[in-house]
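Residue numbers (the working numbering): -13 to 289.
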Amino acid sequence: MLSFLMLETLQVLGQNCATLENPAHGRVRLRARGRIAKFRCYRKYKLFGTKVVICSGDRWSRPPPICIRQGCDDIQSSENITVTRSHDGAVSEFTCAPPLKITGEKLITCDGTTWSNQVPTCEYVEPGNYCNFEDENICGWQHDNLANFEWKWNSGNTPTRRTGPKYDHTLGQSGNGHYMFMESSSPIKENDKARILSPYFPATTCGLCFELWYHMWGVAGYNQVGRLKIYIKQMGQTGTLSQQAAFQVSGNQGNEWIKTQFPVGEQTKSFRFIIEGTKLKSYLSDISVDDPKLYNCSDGTWN
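The structure is reproduced here in structure tokens:
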């Protein structure tokens, strides 16, 4: 009887998150009746990820961390792939020279003897003119490693109530579609930015247009909900992004998907789109995007 009452109490408190297992070479301890999980690693191992995760509704606030240790064979950069090592060599992150794209995991970790995955390869992928984000590879779009944090691939509600869409734009209320969203909850700070980069498209002199659906719903008021910008950047262009974005919007836009479209203009070199989200004051200000499309302005089709 007592066990039944304890289980019922946990369910009332919202303890519906997936069970967390001890990480390899470490332990997890639960607090607050299973709603807070704290991780630690055994001696000579280091934690990679968030030390504390919190159960909110039916989701943990962050993926569980892992325990890493140096000792794996060195991985060298080559002509097409660059290796960035961190955490005393226990983490290797890979980037490909444009316009090549990574096939495989872009980040692998070491447990002291073995890497978590095979080294990825760089392959040329013909850029598509449209992406619905239904595939986890997100059509060759990439996160910007120089940004403060990353956009997330999501389906259904975002983790925080009273902000974000209930479903994606592509499939709608079926609830099974996916989109990219910028979470505004802690530890994300005011003015932190997240950016995703499209594949490179060939230079063009014809009349192309770009289309994107976005969702910006949260707290009303000045500088509460964040800012969304879209830039066009040519291959080889260095330095910071120009102050002149091709599109920008900020503030609470309501609980709906909204379409924006604009002409690309002449591009003398290969070019890409950069979608940038900036968190402002409120944590109730998730920004979501879906269905980016490049098309012929005159008839709505790809040229």
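Think of the CB as a built atom: it goes at the ideal place given N, C-alpha and C, for glycine as much as any other residue.
Exposure of residue i, with buried meaning 16 or more beta-carbon neighbours within 10 Å
i	result
residue 90	exposed
residue 64	exposed
residue 170	buried
residue 258	buried
residue 149	buried
residue 4	exposed
residue 55	buried
residue 212	buried
residue 38	exposed
residue 132	exposed
residue 281	buried
residue 272	buried
residue 192	exposed
residue 186	buried
residue -3	Its pLDDT being 37, under 50, residue -3 is placed unreliably in this model, and the value from its coordinates should be taken loosely. The residue is exposed, with fewer than 16 neighbouring Cβ atoms inside 10 Å.
residue 262	buried
residue 49	exposed
residue 254	exposed
8 Å contact criterion, which residue i and residue j should meet: CB distance rounded
i	j	result
residue 52	residue 34	5 Å
residue 108	residue 66	4 Å
residue 154	residue 141	7 Å
residue 204	residue 270	4 Å
residue 110	residue 86	6 Å
residue 76	residue 32	7 Å
residue 218	residue 232	5 Å
Bridge partner(s) assigned by DSSP for residue i
i	result
residue 249	195
residue 97	55
residue 164	141
residue 41	46
residue 12	27
residue 34	52
residue 232	None, per the DSSP bridge assignment.
residue 258	219
residue 108	88
residue 200	244, 275
residue 5	According to DSSP, residue 5 bridges with nothing at all.
residue 129	182
Residue i CB to nearest heavy atom of the ligand NAD below 7 Å
i	result
residue 196	In terms of ligand content, the structure shown is empty, and the ligand NAD therefore cannot be addressed.
Exercise. Can we say the segment 270 to 279 touches the segment 193 to 208, given the rule of at least three CB pairs closer than 8 Å?
Worked result: Because the criterion of three Cβ pairs below 8 Å is met, the segment 270 to 279 and the segment 193 to 208 touch.
For this session: For the segment 135 to 143 and the segment 157 to 168, state whether three or more C-beta atom pairs, one from each stretch, are separated by less than 8 Å.
Result: Short answer: they touch.
Problem set entry | Meets three-Cβ-pair contact criterion under 8 Å: the segment 252 to 267 and the segment 169 to 188 | Short answer: they touch.
Exercise. Any chance the segment 115 to 129 sits against the segment 240 to 247, with 3 or more Cβ pairs inside 8 Å?
Worked result: Verdict: no, contact absent.
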